[in-house]
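Residue numbers (the working numbering): 3 to 245.
Note that CB positions come from ideal geometry on N, CA and C, so glycine has one too.
Data block below; observations after.
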């Protein structure tokens, strides 16, 4: 028996060289990428700087305007006679706040015959030409002080508060019917310029507002409202005393 002829062929493959990108960039490409990044950062920095500049410029303008307003509103407190009080209105913080700067005689001036004072507040029984009888009082210390009058709405009505150097010294509470949409007449805040009375025994009215029970009848015998004044302590206040 004869063996079959077998023709075996082995196929071989030639190695093919394949080039793979290595990520290497030319100097031009590298410089272009760096330039674009730097430009973007510079644009961001410039934009932020301009934004801050205009923001601060607006804030500074608003601040300058506020300072100018305060300068116009601020008045010098001038004391000509050291035996009596001097008063001038101060800039208001809120609509329902009224403020004054006071210069009261010193302890030595009072000892030499000057006048000491007390704060007086009345919210009912007010009369146009005389002082009311129902008054809440506070004796004032010597020297310079700030006085503030506030009307604050509460759950049951209103509180009328008087502060001395940011400390409450007088509070009078009234029901809602005390105000309740009434019209008012009065002097409001007085003394836009520094003021001293003609004599040391005169009282100094700081604020007055009379609420009308009936708008068709502006003249009444008594009113509800607010009266705040400085009363010389050495001279007793009498009910019905002329203003």
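Item to complete: Check whether the region 81 to 91 touches the region 157 to 177, counting contact only when three or more Cβ pairs, one atom from each stretch, lie closer than 8 Å.
Response: no
Worksheet item: Just curious, the alpha helix (DSSP H) that residue 110 is in, first and last residue?
Response: Translated into positions along the chain shown, residue 110 becomes position 108. Counting along the chain, the alpha helix (DSSP H) containing residue 110 begins and ends at 109 to 113.
Worksheet entry | Among 116, 101, 82 and 55, the one whose alpha carbon lies nearest that of residue 168 | Locating residue 168 in the chain shown gives position 166, counting from the first residue. Answer by Cα proximity: 101.
Worksheet entry | Start-to-end residues for the beta strand (DSSP E) that takes in residue 144 | Position 142 of the chain shown, counted from the start, is the residue given in the question as residue 144. No beta strand (DSSP E) contains residue 144, which DSSP labels as neither H nor E.
Item to complete: Rounded to whole angstroms, what's the CA-CA distance from residue 75 to residue 195? Just pull it up for me.
Response: Numbered from its first residue, the chain shown carries residue 75 at position 73. Numbered from its first residue, the chain shown carries residue 195 at position 193. Below a pLDDT of 50, predicted positions are generally treated as unreliable, and residue 75, at 49, falls in that range; the measurement from the model is reported next regardless. Distance between the alpha carbons of residue 75 and residue 195 is about 10 Å.
Worksheet item: Closest Cβ-Cβ distance between residue 116 and chain D: below 8 Å?
Response: Absence of chain D from the displayed structure is noted, only one protein chain being present.
Practice prompt. Answer yes or no: do residue 139 and residue 120 have a C-beta to C-beta separation smaller than 8 Å?
Written response: Position 137 of the chain shown holds residue 139. Position 118 of the chain shown holds residue 120. A contact, by the Cβ cut-off of 8 Å.
Discussion item. Can you give me the C-alpha to C-alpha distance between residue 127 and residue 223, rounded to a whole angstrom?
Written reply: One-based indexing of the chain shown puts residue 127 at position 125. One-based indexing of the chain shown puts residue 223 at position 221. Those two C-alpha atoms are separated by around 9 Å.
Item to complete: Per DSSP, which residues does residue 176 bridge with? Please list them.
Response: As a working note, residue 176 is residue 174 in the chain shown. The partner list for residue 176 (beta bridge, DSSP) reads 160.
Practice prompt. Alpha carbon to alpha carbon, how far is residue 42 from residue 30? Give it in angstroms, no decimals.
Written response: Here residue 30 refers to the residue found at position 28 when the chain shown is read from its first residue. Here residue 42 refers to the residue found at position 40 when the chain shown is read from its first residue. Residue confidence for residue 30 is low, a pLDDT of 49 falling below 50, so the modelled location carries little weight and cannot support an answer.
Practice prompt. Tell me, please, which residues DSSP counts as bridged to residue 227.
Written response: Residue mapping note: residue 227 aligns to position 225 of the chain shown, counting from 1. Residue 227 is bridged by DSSP to 212.
Worksheet entry | Unbroken beta strand (DSSP E) run spanning residue 2, endpoints | Nothing can be reported for residue 2: it is not among the residues displayed for the chain, which extend from 3 to 245.
Discussion item. On the CB-based measure, 16 or more other CB atoms within 10 Å of its CB, does residue 52 come out buried or exposed?
Written reply: In the chain shown, counting from the first residue as 1, residue 52 sits at position 50. So residue 52 ends up on the exposed side.
Worksheet item: In the structure shown, what three-state DSSP assignment does residue 119 receive?
Response: Here the question's residue 119 lines up with position 117 in the chain shown. Reduced to three states, the DSSP call for residue 119 is strand.
Worksheet item: Who does residue 102 pair with in a DSSP beta bridge?
Response: Locating residue 102 in the chain shown gives position 100, where the first residue counts as 1. Residue 102 pairs with 91 and 149.
Worksheet item: By how many angstroms is the C-alpha of residue 199 removed from the C-alpha of residue 230?
Response: Position 228 of the chain shown, counted from the start, is the residue given in the question as residue 230. Position 197 of the chain shown, counted from the start, is the residue given in the question as residue 199. Computed Cα separation, rounded: 16 Å.
Worksheet entry | Candidates 225, 164, 94 and 103, of which the one nearest residue 81 by Cα | Along the chain shown, one-based indexing puts residue 81 at 79. That would be 103, whose Cα lies nearest to the Cα of residue 81.
Worksheet item: Considering only residues of the same chain and omitting the five flanking positions on each side of residue 111, which have a CB-CB separation below 6 Å?
Response: By one-based count along the chain shown, residue 111 stands at place 109. The residues are 84 and 85.
Worksheet item: Going by C-alpha distance, which of 122, 206, 55 and 161 is nearest residue 137?
Response: Counted from its first residue, the chain shown places residue 137 at position 135. Taking only the C-alpha atoms, the option nearest residue 137 is 122.
Worksheet item: Just how far apart, CA to CA, sit residue 131 and residue 114?
Response: Along the chain shown, one-based indexing puts residue 131 at 129. Along the chain shown, one-based indexing puts residue 114 at 112. Cα to Cα, residue 131 sits roughly 32 Å from residue 114.
Worksheet item: With a Cβ-Cβ cutoff of 8 Å, do residue 153 and residue 162 count as a contact?
Response: Start at 1 with the first residue of the chain shown, and residue 153 comes out as number 151. Start at 1 with the first residue of the chain shown, and residue 162 comes out as number 160. Taking 8 Å as the Cβ cut-off, residue 153 and residue 162 qualify as a contacting pair.
Worksheet item: Can residue 106 and residue 147 be called in contact, C-beta distance under 8 Å?
Response: Position 104 of the chain shown, counted from the first residue, corresponds to residue 106. Position 145 of the chain shown, counted from the first residue, corresponds to residue 147. Yes.
Worksheet item: Is it the case that the Cβ atoms of residue 232 and residue 208 are separated by a distance below 8 Å?
Response: Locating residue 232 in the chain shown gives position 230, counting from the first residue. Locating residue 208 in the chain shown gives position 206, counting from the first residue. The answer is yes: Cβ separation under 8 Å.
Discussion item. Does residue 124 pass the burial test, meaning 16 or more other C-beta atoms within 10 Å, or should it be called exposed?
Written reply: As a working mapping, residue 124 is identified with position 122 in the chain shown. With 16 or more other Cβ atoms within 10 Å, it is buried.
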